[in-house]
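Numbering (our numbering), first residue to last: 1 to 397.
C-beta atoms are modelled at their ideal positions from N, C-alpha and C, and glycine is treated no differently.
Below: the structure, in structure tokens.
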């Protein structure tokens with residue numbers, strides 16, 4: 001484990017919570033997508049969140065369940081101390097950098113440009129810095145200063161309204177506004193909206209519990225953790241979804257081969273209770289072979305005996321899924337409809353009930369659609385008029 005990154009997580013909670021509420025359609029901030037993303041990059045050994053917690057009572061319980069240490073920064077009546085949490089967070093990060101040299105990476109969760117000097121100092125101390133923030137409340141100065149910057153909006157498990165479901169109602173916090181990001185391109189259209197019935201529930205977080213209902217390789221199908229309010233009876237194995245999503249995250253973050261041992265360690269970081277025996281498998285290798293037979297992943301010989309390399313299938317089901325998406329969008333566009341992202345997955349499932357972007361390793365339906373756009377199958381653009389993403393067929397030259 002000596003080669004693993006040791007990560008310290010610092011959350012400027014007010015910045016994140018208000019950014020999610022104001023720029024992601026009122027959705028409630030959840031720390032679990034951040035924890036999962038960091039688990040694919042190393043061991044998180046410290047978790048701290050800074051805020052006046054009297055304004056975030058419900059959030060406190062969520063953070064406590066995720067083992068985040070809450071640092072209280074109370075507001076004095078009649079006095080403005082908006083920078084108190086920022087100063088305390090910066091002081092603690094520098095102190096930790098000097099006192100705990102085994103910590104190699106600092107994850108600074110904020111969009112505030114005031115933290116840019118802190119990022120520069122941490123890198124000067126030979127620490128790797130990962131920034132995380134809500135896209136439209138993140139200063140343009142902060143991302144270039146970091147070694148890596150993740151937008152909360154695009155993390156697996158985050159589904160803003162208009163990308164497949166409505167956000168849960170939020171508890172009102174302290175007033176204030178985040179910084180506005182650059183405006184994205186908009187697409188206007190006079191066509192009627194396809195899939196006018198909006199999804200009625202947010203996508204639940206993917207289950208990472210080891211014994212969550214599958215008692216054997218062929219048993220325990222459950223509805224896919226999905227952002228759709230329809231067709232929830234479609235069978236899907238949460239275990240296969242968990243492994244595929246984790247493997248996809250490792251391939252993105254590492255940029256190299258992923259071995260079975262690395263995959264197992266990452267699964268345990270996401271859920272320390274994970275045990276393949278709870279799913280009816282005698283060994284982790286047996287689980288991987290079962291998933292390989294189902295074309296969820298591919299196995300190849302690794303450098304070490306008994307530790308094969310694991311990868312997602314390159315073609316096959318993915319190409320078929322892209323073709324399905326294009327055909328549905330093409331049919332709706334031919335009928336003069338505006339093809340909105342919201343409700344589009346329902347249309348795909350009416351054409352193919354077993355469709356699931358998660359079984360292909362994608363964390364969200366938007367991510368799947370953007371991947372299809374890179375192949376030229378469809379176009380994905382933000383529409384101010386429709387208040388969400390819309391899809392169309394590329395115009396041929």
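Inter-residue distance for residue 42 and residue 387 is about 37 Å (C-alpha atoms, whole angstroms).
Counting only residues of its own chain and dropping the five nearest sequence neighbours on each side, residue 355 has a CB closer than 6 Å to the CB of 348 and 349.
Straight across, the Cα-Cα distance linking residue 16 with residue 63 is about 13 Å.
Checking the DSSP bridge columns, you'll see residue 110 has no partner listed.
Assignment of residue 123 by DSSP, reduced to helix, strand and coil, places it in the helix class.
Here DSSP, grouped into helix, strand and coil, assigns residue 12 to strand. Look at residue 144 here: in three-state DSSP terms it is helix. Residue 389 is bridged by DSSP to 382. In this structure, DSSP gives residue 23 a helical state, which the three-state scheme calls helix. Distance between residue 47 and residue 71, taken at the CA atoms: about 10 Å. Rounded to the nearest angstrom, the gap between the Cα atoms of residue 96 and residue 55 is 27 Å. In this structure residue 284 is in contact with residue 260, their Cβ atoms being roughly 6 Å apart against a cut-off of 8 Å.
Counting only the Cα atoms, residue 363 lies some 11 Å from residue 371.
In this structure, the beta-carbon distance from residue 141 to residue 113 falls below 8 Å.
Contact between the stretch 280-299 and the stretch 320-338 is absent, with fewer than three C-beta pairs closer than 8 Å.
Residue 377 carries a coil assignment under DSSP once its states are collapsed to helix, strand and coil. Restricting attention to 30, 157 and 111, the CA atom closest to the CA of residue 12 is found in 111. Membership of residue 153 in any alpha helix (DSSP H) is not indicated, and neither H nor E is assigned to it by DSSP. Residue 303 carries a strand assignment under DSSP once its states are collapsed to helix, strand and coil. For residue 273, no alpha helix (DSSP H) encloses it, and the DSSP letter there is neither H nor E. Per DSSP, the unbroken alpha helix (DSSP H) holding residue 241 starts and ends at 238-254. Comparing alpha-carbon positions, the option among 361, 327, 33 and 278 lying closest to residue 252 turns out to be 361.
DSSP places residue 55 within a helical segment (H, G or I) once states are collapsed to three. One thing to note: residue 377 has its Cβ within 8 Å of the Cβ of residue 325. Between residue 155 and residue 7, the C-beta spacing is not below 8 Å. In the structure shown, the three-state DSSP call for residue 91 is helix. Between residue 150 and residue 37, the CB-CB gap stays under 8 Å. Per DSSP, residue 328 is one residue of the alpha helix (DSSP H) stretching across 317-334. Residue pairing of residue 262 in beta bridges, as defined by DSSP: absent, with no partner found. Around the beta carbon of residue 357, 16 or more other beta carbons lie within 10 angstroms, which makes this residue buried.
Distance from residue 40 to residue 302 at the Cβ level is roughly 19 Å; contact not present, criterion being Cβ atoms closer than 8 Å. Comparing C-alpha distances from residue 265 to each of 44, 134 and 116 shows the shortest one belongs to 44. The continuous beta strand (DSSP E) containing residue 71 extends over residues 69-72.
The continuous stretches of beta strand (DSSP E) do not include residue 39, which lies in the alpha helix (DSSP H) extending over residues 32-39. Of the candidates 352, 344 and 331, the residue whose Cα lies closest to the Cα of residue 365 is 344.
DSSP places residue 292 inside the alpha helix (DSSP H), whose first and last residues are 284-293.
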